[in-house]
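Residue numbers (this note's numbering), protein chains in the order written: chain P, 796 to 1147; chain H, 796 to 1147; chain U, 796 to 1147; chain V, 796 to 1147.
Accompanying notes for the structure given below.
Number of protein chains: 4
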Amino acid sequence: MIRFNCDYSEGAHPKVLEKLVETNMEQTAGYGCDSYCSKAAGLIKSKCGREDIDVHFLVGGTQTNLTVIAAALRPHQGVISADTGHINTHETGAIEACGHKVLALPSADGKLAAGDIKACYEAHASDETREHMVQPKLVYISNPTEVGTIYSREELSAISKVCREKDLFLYLDGARLGYALCAEGNDLDLPALARLCDAFYIGGTKIGALFGEALVLCNDTIKKDFRYMIKQKGGMLAKGRLLGVQFAELFKDELYFEMAGHANKMAMLIKEAFKRNGYSFLVESFTNQQFPIIPDSILLKLKEKFEYSFWVKVSEKASAVRFCTSWATDPGAVGQLTEEIHKYGPVAYEDT
Amino acid sequence: MIRFNCDYSEGAHPKVLEKLVETNMEQTAGYGCDSYCSKAAGLIKSKCGREDIDVHFLVGGTQTNLTVIAAALRPHQGVISADTGHINTHETGAIEACGHKVLALPSADGKLAAGDIKACYEAHASDETREHMVQPKLVYISNPTEVGTIYSREELSAISKVCREKDLFLYLDGARLGYALCAEGNDLDLPALARLCDAFYIGGTKIGALFGEALVLCNDTIKKDFRYMIKQKGGMLAKGRLLGVQFAELFKDELYFEMAGHANKMAMLIKEAFKRNGYSFLVESFTNQQFPIIPDSILLKLKEKFEYSFWVKVSEKASAVRFCTSWATDPGAVGQLTEEIHKYGPVAYEDT
Amino acid sequence: MIRFNCDYSEGAHPKVLEKLVETNMEQTAGYGCDSYCSKAAGLIKSKCGREDIDVHFLVGGTQTNLTVIAAALRPHQGVISADTGHINTHETGAIEACGHKVLALPSADGKLAAGDIKACYEAHASDETREHMVQPKLVYISNPTEVGTIYSREELSAISKVCREKDLFLYLDGARLGYALCAEGNDLDLPALARLCDAFYIGGTKIGALFGEALVLCNDTIKKDFRYMIKQKGGMLAKGRLLGVQFAELFKDELYFEMAGHANKMAMLIKEAFKRNGYSFLVESFTNQQFPIIPDSILLKLKEKFEYSFWVKVSEKASAVRFCTSWATDPGAVGQLTEEIHKYGPVAYEDT
Amino acid sequence: MIRFNCDYSEGAHPKVLEKLVETNMEQTAGYGCDSYCSKAAGLIKSKCGREDIDVHFLVGGTQTNLTVIAAALRPHQGVISADTGHINTHETGAIEACGHKVLALPSADGKLAAGDIKACYEAHASDETREHMVQPKLVYISNPTEVGTIYSREELSAISKVCREKDLFLYLDGARLGYALCAEGNDLDLPALARLCDAFYIGGTKIGALFGEALVLCNDTIKKDFRYMIKQKGGMLAKGRLLGVQFAELFKDELYFEMAGHANKMAMLIKEAFKRNGYSFLVESFTNQQFPIIPDSILLKLKEKFEYSFWVKVSEKASAVRFCTSWATDPGAVGQLTEEIHKYGPVAYEDT
């Protein structure tokens, strides 16, 4: 079986692993107060073009999301998110477990628009009833989104502007950030994120690390006492240097972006193969996740050789499924997949 | 100004108040461990036709909802509710503040259907991803709903059946329960609720008490240690007998239902006046809340003499607003309102 | 049986109740946005000598404590309290249920000293480990304390000074505040509290109201969005005017303090009777709660006629128990109790 | 500088690391649903002598503690712990952040006695006031404790007996479990723990793993839906197999215990050196943590070459400090330390 079901099937990029091996017997201070974490934070600050940001390293994405949101909000405040947002659907109510409502807005492509955010804010701000409703205070977006789409600089700027007007925090979940920043058509970069967001994270787990997310805090309110929050929520790794060592390796040169670029390239080959055979897609994605809509009859055949993720049923006899590539995706495996697709020939949805 | 904006503008029904005055200087045990609470609980058990239920008295509805839900759920479990449900929209995230997600289902008339509940349950039960999602465990419904509609015995039985099949608790918010049970077309009663629900409450605040809700617990799991939960959530009234005295008065005869019947009758007069002049309604309600759709030009005139609640804009120039009656509504005031409506003559939406 | 077991055995002072009856059929806005609440708040501001404070009315003490603390703290922050503090012992973990640790300091007389607070703060502020520990952020004291003792102006000033130096909120639980302010030896008053504390409440439930506490917020951080917090925690009374009506009556003249003075006077008679017969006390109290240490043999006889509260076993055969008086305590009942004490004659602890 | 300040200064044991390297490019399912986790769980079940236990792998100790406790308790329930317990002092209120009070009992040696637990339970069970107090429901102990002491089989059996009589869960924090089970005088083993506890964990972070704790659940109530809890609390590692690979290596032979034995042996050398020079100890420890009481004048000299942890000031001029050894402790480094101690000669506390 060849796995295209997710982007965390393998371990770490060999260079990252090598660095862990090389530093294994060094003695360092615990809890992220070591020189590797300092170095990695310094590299990230430099790539973001700002020295006045705080960088923290956490183990995983759900942990990062819940820690940021718990740190940022007072008890009566909530989070605006697309209904497809990871915090809304796939984190077992982690945000609510910290006491906060997720105000989920309908979204066809996984993105929020500035206007939606403004309308949601205003719907909660009427004089008469506002204290009977949750107060929106943080906007959660993902880039790329859970369905692989990305924000343009113009879109993100508009969102950022609304957030600043309405005194909302803007937090960007970058579990797959590298894939967005290396996608065809992308016009955002780290300095832009550091300028437009109050907080965002650069995902390592899904791009070449064994595990780990680099959280960038730009807003002073969220920065304050943040290490207390990491500890309380169980996210403070005793051997914190493991995170520092990995991120230093990912960002000392361009390794992080090289890996993301490779994955996107592999994904485009898969996309192309489906497109050429007439398949529709759930959304148009230029990143490492592709969501072709496939007749059940073909899925039956595909699953004999390939693992993918079921996403959503779109008609009686067809479903959107997810094919994921990663830094580790073997072009040979992609070749087998595309060959298989071509072998089935042009898709016929009419009988579905 | 005549207030039709809510059903808690006045104090208590005179008979209830009189009883509070009469017993004022008696010395009783605190925290609801007095003879008045026992008596009132006994009356309610008897009206429900079951001795094996627990009855607790709390001060308000939000408090009751959050205490029941916190008592019933484990941290990873959530509540299925209509998107219009009070807990979803007008309790400032009280349920989330207790750690639980509200899984809000779209509802045009404020009600949930058995099939919607089943579908929601199943969407969260897939083998592959279920632990990444909240586990639905309690169904929250209101009767009457927030828009005045009511459940039939058949509908509630179907919901109860799904809940038992799927091991979901069924909890009914009865902030205005009397109005439902006395509505034209209603075929439910207290014994039916005590049989079909795991918990429900009989609202006093909105039907004749100074304040107070009588919570009925039918399910042993929720019953266990419930007084701890009341205390922890700040709902244990020191002079608990105030609740017992009031509910004993409401239920020793038919006072509770007489008051609700009066309010419904007043509401039907208002409904009739609007209907005769061609007004549409947001929903068809047979209880004390009416939601006519009214052109802005007419609202401008109405608001000079009457208070109502704004509900929702339905077109450029017309809104649904809420007129509420209560046990205290004066037929004379209703007369003034209906006269005014007739004075405006047949409604013309065309220019809205 | 004559009840001396608590100070909330009866209903409300007749003047308070009369006012509720008199205003019963008036129509007012809900949720505390009525003229009675405004009036009562105005009276309290005036008695505190400050216009820049916020006054909110809540139903009970646990509710008030948890709402203030939840509003004031971020998730990693905790509360310093005497180990005897009500929040630490008798509120079923309500503060922890809001996510906050109570850092309980040993206290023999129910009071905290400025030095204890400072030492606790410093023990949590070491550079190396602080983020592994809760951050102390709010100091909770009660006046009178749970064992009837009171703070002097000098003591409270010293506490306030430490709190301001260390950026700690100072919150005073005044469930029985009137009894403290009317006690022999007291040199504090409402303006002093409003100057020295960040928040405090004036208890009504235990001094003449049916229920209700008037919360005074002096600190802008805690003031912000406080009504959201009241609603979320289930403390927003629909017919909020009931609280306004009562507090307006308590504070329009000196009724609140007259009642407290009466209770203290009755308590001093009881104290005197025990003292004259050689009884020891758990602490020296000048307020309405007295804690004589009584041999079990005498308790057996007392309990045939009087209700008191068991407090703590102090030796094999003797316990401290609590006798409470209130605004409603009948001098005749006190006469019966003191007569009984004198009848037993001088106490002999030697055989205990 | 030679570090004796903690037992997590280095990375992983070389054999463990080698296994991670060896398996790095394999494709496996995520979230712990892979064959390595199955294998490791199987090995642990086998070492515990029970097939009916559940084994989960988490990243760190605080995370494990909070997840177990959140899974086990209802909102009104609390945890009995020694006041020195890690959850009470060094987890930034993580348990309270999940809503639960820690009922901390004084302990001189870090241990709880069966009698203390029973007394605490009974103090919270009085008919009159129990619902005003937290309900004790889980007993938290550490083995070895935070000060290196260990439980005997007799002590643990007595605790287990009280817990079962009183319907309390018994949870053992084994962050350093190996060191306890390999200590001189220990008579406990994994099968005994699996029989006497409801849950416990086998710490990897401090004994040879890069990170990771193996949680053993013996009680069906806690087992239920536990993966939901791991996910919600942010503890579900995407590449879960990293934990499985490590624990399989630690437990396929005796590596785990060999490493712990080495650390204990090194600690005994340090202990012996201090003892021979007349030093007192905070407690008598036979595990990898030693707490000698050292005059400040000597600490000044020691700190030029060695890192240790400050623990507690015991007099004007002397403090208890912690020396930690681990699987990675070099006998040469221990030699340097003991030589240094001998060089200072017999300790003189008199001038302290």
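All C-beta atoms in this analysis are idealised placements derived from N, C-alpha and C, irrespective of residue type, glycine included.
Note that this is a predicted model, so its numbers are computed, not measured.
- Judged by DSSP secondary structure, residue 881 of chain H falls within the alpha helix (DSSP H) whose first and last residues are 881 to 884.
- DSSP places residue 1089 of chain H in the strand class (E or B) of the three-state scheme.
- Positions of the alpha helix (DSSP H) runs, each at least 4 residues long and wholly inside the region 838 to 921 of chain U, are given as 856 to 867, 881 to 884, 889 to 892 and 909 to 918 in order along the chain.
- In the DSSP annotation of this structure, the continuous segment of the beta strand (DSSP E) that includes residue 1109 of chain V starts and ends at 1104 to 1110.
- For residue 1129 of chain V, no chain P residue has a Cβ inside 7 Å of its Cβ, as the nearest lies near 14 Å away.
- If you draw a 10 Å sphere on the C-beta of residue 1114 of chain P, you find 16 or more other C-beta atoms in it, and that means buried.
- CA-to-CA, the gap between residue 819 of chain V and residue 1125 of chain P works out to about 15 Å.
- In the assembly as shown, residue 897 of chain V is a buried residue. Its beta-carbon has 16 or more other beta-carbons within 10 Å.
- Counting only the Cα atoms, residue 1032 of chain H lies some 19 Å from residue 1040 of chain U.
- Note on the region 979 to 1023 of chain H: whole beta strand (DSSP E) runs with a minimum of 3 residues are 994 to 998 and 1008 to 1012, in chain order.
- The residues 967 and 995, in chain order, have a CB closer than 7 Å to that of residue 988 of chain P in the same chain once the five nearest residues on each side in sequence are set aside.
- Under the three-state reduction of DSSP, residue 1058 of chain U is assigned to helix.
- Ranked by Cα distance from residue 870 of chain U, the options P/1002, P/1066 and P/1022 are led by P/1022.
- Residue 826 of chain U sits in coil when the DSSP states are folded into three classes, being neither helix nor strand.
- With fewer than 16 other Cβ atoms inside 10 Å of its own Cβ, residue 1016 of chain U counts as exposed.
- Interface with chain U (8 Å Cβ-Cβ cutoff): residue 825 of chain H is included.
- Under the three-state reduction of DSSP output, residue 803 of chain V falls in the coil class, being neither helix nor strand.
- DSSP places residue 936 of chain V inside the beta strand (DSSP E), whose first and last residues are 930 to 937.
- A Cβ of chain V is located within less than 8 Å of the beta carbon of residue 865 of chain H.
- Here DSSP, grouped into helix, strand and coil, assigns residue 1114 of chain U to strand.
- The C-beta of residue 928 of chain H comes closer than 8 Å to at least one C-beta of chain P.
- Counting the other CB atoms within 10 Å of its CB gives residue 1071 of chain V a total below 16, which places it among the exposed residues.
- A Cβ of chain U is located within less than 8 Å of the beta carbon of residue 803 of chain H.
- Nearest CB-CB separation between residue 916 of chain P and chain U: not below the 8 Å threshold.
- DSSP lists V/1084 as the bridge partner or partners of residue 1119 of chain V.
- Three or more Cβ pairs drawn from the region 925 to 939 of chain H and the region 862 to 880 of chain H lie within less than 8 Å of each other, which places the two stretches in contact.
- Between residue 1030 of chain P and residue 858 of chain P, the gap from beta carbon to beta carbon is short of 8 Å.
- Between the region 822 to 833 of chain H and the region 1054 to 1065 of chain U, the count of Cβ pairs shorter than 8 Å is below three; the stretches do not touch.
- Using beta-carbon distances, residue 1028 of chain U counts as an interface residue toward chain H, with a partner under 8 Å.
- Boundaries cannot be given for residue 1144 of chain V, as no alpha helix (DSSP H) includes it and DSSP labels it neither H nor E.
- Here DSSP, grouped into helix, strand and coil, assigns residue 1074 of chain H to coil.
- Only residues of its own chain outside the window of five on either side were considered, and among them 867, 933 and 993 have a CB closer than 6 Å to the CB of residue 964 of chain H, listed in chain order.
- The CB of residue 1023 of chain V comes closer than 7 Å to the CB of 887 in chain P, given here in chain order.
- In this structure, the beta-carbon distance from residue 985 of chain U to residue 842 of chain U falls below 8 Å.
- DSSP places residue 812 of chain H inside the alpha helix (DSSP H), whose first and last residues are 809 to 817.
- Here the alpha carbon of residue 911 of chain H sits roughly 38 Å from the alpha carbon of residue 830 of chain V.
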